[in-house]
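In the numbering used here, the protein residues as written are 5 to 235. The C-beta atom is built at its ideal place from N, Cα and C for all residues, glycine as well.
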């Protein structure tokens, strides 16, 4: 009992670290910084994150189980092929769940919830005007978090989180047009929530997520992520 009890927290921390590494690698792949055909160097990732190689290996094995990376015998891990349709499918799934949560939040949002969203939107716009990508990402995350909490639909929120983890969380601000789109799209979502219009909130949120997906596809195309399509 003593051994199990003392090992529990350590095991939990190791799993958390492995999850964080997996999220980092997903971000690298989904932002186009690494792609199919390029090997993921465990030592390089460990050095970049200031950790040992062990959680990196565990994270890559986990990503292999998800089909996100492949393991080439005696050579190492590389990103699995990722098509335009794959990216569009991920964002379409995200749009569906996020839209449902926004619609449910529209019917439950109190004045205090709307005020909190207004303040968060103001922070987003201030960060955008100041050219502060980290501030934009924080405010964007908080805006969506507030809506998802107010929806009071934990299972749907869990499904959304499962899909969202495949989006490049920390690299959105580096995608051309994303910060401007975030500011403008959030205004439409907020207007629908303030009006208590569930369907408008659903459609505004879905359009917002699809917009982000389109911008990511354009970003990846600009980086030569896929072969040019024939004229």
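- Can you give me the Cβ contacts of residue 237 inside the same chain, cut-off strictly under 8 Å, excluding the 5 residues immediately before and after it? There is simply no residue 237 to check, as the chain begins at 5 and stops at 235 in what is shown.
- Item | 4-residue-minimum alpha helix (DSSP H) runs that sit fully inside the region 118 to 202, ordered along the chain | 137 to 154, 158 to 168 and 182 to 199
- Under 8 Å by Cβ, that's how I've got residue 166 and residue 132 pegged, so tell me the actual separation to the nearest angstrom. Their Cβ separation, rounded to whole angstroms, is 29 Å, which puts residue 166 and residue 132 out of contact at 8 Å.
- Output yes if chain D places a C-beta closer than 8 Å to the C-beta of residue 218; else output no. No chain D appears in the structure shown, which is made up of a single protein chain.
- Item | Distance, residue 171 Cα to residue 70 Cα | C-alpha separation (whole angstroms): 14 Å.
- Exposed or buried, what is residue 145 when buried is set at 16 or more other beta-carbons lying within 10 Å of its beta-carbon? exposed
- Rounded to the nearest angstrom, how far is the Cβ of residue 164 from that of residue 105, given a contact under 8 Å? 7 Å
- Query: Nearest-angstrom Cα distance between residue 196 and residue 206?
  - Reply: 9 Å
- Looking at C-beta atoms only, is the number of pairs between the region 74 to 84 and the region 38 to 55 that lie closer than 8 Å three or more? yes
- Item | Same chain only: Cβ atoms within 8 Å of residue 92, ignoring 5 sequence neighbours per side | 217 and 221
- From which residue to which residue does the alpha helix (DSSP H) around residue 74 run? That residue, residue 74, is in no alpha helix (DSSP H); its beta strand (DSSP E) goes 73 to 76.
- Task: Take residue 102 as the anchor and find which of 149, 121, 53 and 187 has the nearest alpha-carbon.
- Result: Ranking 149, 121, 53 and 187 by Cα distance to residue 102 puts 149 first.
- Alpha carbon to alpha carbon, how far is residue 210 from residue 188? 14 Å
- Query: Are there 16 or more other CB atoms within 10 angstroms of the CB of residue 119, so buried, or fewer, so exposed?
  - Reply: exposed
- Query: Rounded to a whole number of angstroms, what is the C-alpha to C-alpha distance between residue 50 and residue 134?
  - Reply: 33 Å
- Query: Just how far apart, CA to CA, sit residue 57 and residue 112?
  - Reply: 46 Å
- Task: Helix, strand or coil for residue 80, going by three-state DSSP, please let me know.
- Result: strand
- Message: Quick check on residue 87: buried or exposed, where buried means 16 or more other Cβ atoms within 10 Å of its Cβ?
- Response: exposed
- Query: Could you check where the alpha helix (DSSP H) with residue 48 kicks off and where it finishes?
  - Reply: 46 to 53
- Can you say whether residue 59 is buried or exposed, counting buried as having 16 or more other CB atoms within 10 angstroms of its CB? buried
- CA nearest to the CA of residue 32, picked from 84, 161 and 62: 84
- Message: For residue 19, count the other beta carbons within 10 Å of its own beta carbon; 16 or more makes it buried, fewer makes it exposed. Which is it?
- Response: Its Cβ having fewer than 16 others within 10 Å, residue 19 is exposed.
- Given residue 65 as reference, the closest of 41, 25 and 55 once Cα atoms are compared: 25
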